[in-house]
Amino acid sequence: MYTTATAFLDALGEAGVSCIFANFGRDHPAIVESIAEAQASGRKIPRIITCPNEMVGLSAAHGYAATTGRAQAVIVHVDCGTQTLAGAVHNAAKGRVPVLIFAGLSPCTQQGELKGSRNEFIHWIQDVPDQRGLMRGYVKYENEIRTGRNVQQLTLRAMQLALSDPKGPVYLTCTREVMEEQVPRISVSAGSWKPLAPAALPSDELDLLIADLVRARRPLIVTSYLGRHPAAVAELVRLADRLAIPVVESVPNYVNFPADNPLYQGNQWNEPRQNPLLAEADLVFVIDSDVPWIPTVNRPRESATIYSLDIDPLKERMPLWYISAKQMFRADAATALDQINKRLKTASLEDAGIAERRARMTRLHEERAAALENLESPRQDAVTPEHLTSRIRGWLDDNTIVMNETISNYQTTIDHLRCNRPGSMVASGGGSLGWSGGAAIG
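Take a look at the structure:
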């Protein structure tokens, strides 16, 4: 029997979901039955991974998506399971991670009018006025599946939104009665529901940006999550090397720039001091960053020219956010940096100024590296975070991904792990603790 639940699972598979991290409840009998039928018949569906804790389940989906770029699905139990997702929803939203979250609703009939009608006391207790409202402040899209006849289209639309920049979680709900509905089998191709193509820079604005970059005497690049796409890291290295522009990571979620590159000038967090490179910069190019600086203690000089390039330049879901920029661009970093690098091939550059800047940045990089190495020396009276992290660094190889949730020691961890490979370190992007264990499973 082909039901709404069957069509839903088919749509998830068609959308590229490999794993469903699930915590099943009384709202999911049709889904469980469809899974059992698929296992018995050999019909292909996403892998079901049972997660007794909902926050672990969503964190696992987060870790999977952050390291592969592919959105996964999470199934939880009505309002209670939705609430037990807890801070994992915040992390997925703030980390801009694509994931589809599905939760059942209490049955909408109580006298046996339809298959799936209420038959347990909890169906009344868990009936709340606005279950989707629990998620509304955190998801890109939320909706209720009201019929199985368009469940595949609704699911593919949700995934399309989740995967379109700025990426993020989406939330669907459905009653038992609708999930039990017998529906005709239809064929819907995910090829018609692709995410938005990466956005590029407009030609005239590109010319202006390049002119200012070339003209700048002390330019600086600041980034936080450009490294979610390895291709963007390669393009950033090309740009920085071409013009000898130093790079600072601000509250980084990913490896955005190789730590061993002479133009890498470290990372900044909550330290109550001015970053001298930010203070002296005559041009600051902010790329994919939510918090490029904290103005009360660390900010650019008033005369600095600021450009911002971001998949989410206006931070539309942050009630208070602004920087004073000459121009903001909504664009994909890898695409935009490729445009810039291609234009720079024919640009007239002041080689002497670039060479002088490169030499200075190399010296600063080496001085910083030496200072960090001194901090790694063992002590007789204590195991320091610096020494411990340096020992861990010795065990890392190309198959290792570090899920970083060291909080007060974020800066120490990044300084002393010295990650160079894009994708080798990931943080949640949010502020809810308890993420890393589940993320590592994903």
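When we follow the working numbering, the leftmost residue of the sequence shown carries the number 1, and every step to the right adds one.
We put the CB at the ideal spot given by N, CA and C, even for glycine.
These numbers come from a predicted model, not from an experiment.
Item	Value
Alpha helix (DSSP H) runs contained entirely in the segment 100-127, provided each spans 4 or more residues	122-125
Three-pair Cβ contact test at 8 Å for the segment 393-413 versus the segment 24-32	no
Per-residue DSSP class, three states only, for Gln153	helix
CA nearest to the CA of Pro198, picked from Leu433, Gln339, Arg301, Asn261	Gln339
Residues that Phe285 bridges to, as DSSP identifies them	Ile221, Tyr307
Beta-carbon separation (whole angstroms), Leu236 vs Leu337, contact threshold 8 Å	6 Å
Sequence-distant residues of the same chain with beta carbon closer than 6 Å to Thr362, five excluded per side	Pro262
Continuous alpha helix (DSSP H) stretch holding Met55: start and end	54-68
Segments assigned alpha helix (DSSP H), at least 4 residues, entirely inside the segment 188-244	203-215, 230-243
Gln131 in three-state terms, based on DSSP	helix
Residue from Thr147, Arg149, Leu154, Gly148 with nearest C-alpha to Tyr141	Leu154
Counted within 10 angstroms of its Cβ, other Cβ atoms place Ala310 as buried (16 or more) or exposed	The residue asked about is misnamed: residue 310 is Asp in this sequence, not Ala. Burial call: buried.
is_contact[Trp124, chain B] using C-beta, thresh 9 Å	This model lacks chain B altogether; it includes just one protein chain.
Assigned exposure category for Met1 - 16 Cβ within 10 Å defines buried	exposed
Host beta strand (DSSP E) of Tyr410 (start-end)	Not the beta strand (DSSP E): Tyr410 falls in the alpha helix (DSSP H), residues 410-417.
Euclidean distance between Cα positions of Ala244 and Ala211	15 Å
Test item: CB-CB of Arg299 and Ala331 under 9 Å	no
Candidates His416, Ser324, Glu181, Val233, of which the one nearest Ala369 by Cα	His416
Neighbour-count burial assignment, Tyr452, 16 or more Cβ in a 10 Å radius	Residue 452 lies beyond the range of the chain shown here (1 to 442); nothing can be said about it.
Distance between Glu350 and Ala281 (C-alpha atoms, nearest Å)	18 Å
One or two residues paired with Ser250 in a DSSP bridge	Gln268
Val151 burial status per 10 Å Cβ neighbour count (16 or more: buried)	buried
Per DSSP, the bridge partner or partners of Cys51	The partner list for Cys51 (beta bridge, DSSP) is empty, contrary to what the question assumes.
Sequence-distant residues of the same chain with beta carbon closer than 6 Å to Arg343, five excluded per side	Ile210
Neighbour-count burial assignment, Gln39, 16 or more Cβ in a 10 Å radius	exposed
Residue nearest to Gln265 in terms of C-alpha spacing, selected from Ile401, Lys194, Asp290, His365	His365
Contacting residues, own chain, Cβ-Cβ under 6 Å from Leu12 (five flanking each side not counted)	Pro46, Ala73
Test item: CB-CB of Asp288 and Ser187 under 9 Å	no
Rounded straight-line distance, which links the Cα of Pro272 to that of Arg132	40 Å
DSSP beta-bridge partners of Val78	Paired residue(s): none; Val78 is not in a bridge.
Residues bridged to Tyr141 (per DSSP)	Val170
Residue interval of the alpha helix (DSSP H) (run including Arg363)	351-375
First through last residue of the beta strand (DSSP E) which encompasses Arg494	Lying outside 1 to 442, the shown extent of the chain, residue 494 is not represented and no answer is given.
Nearest residue (CA-CA) to Glu315, options Val426, Thr305, Pro292, Ser117	Correcting the residue identity first, residue 315 is Lys in this sequence and not Glu. Nearest option by C-alpha distance: Pro292.
Under the three-state DSSP convention, the category Ile340 falls into	helix
Trp193 burial status per 10 Å Cβ neighbour count (16 or more: buried)	buried
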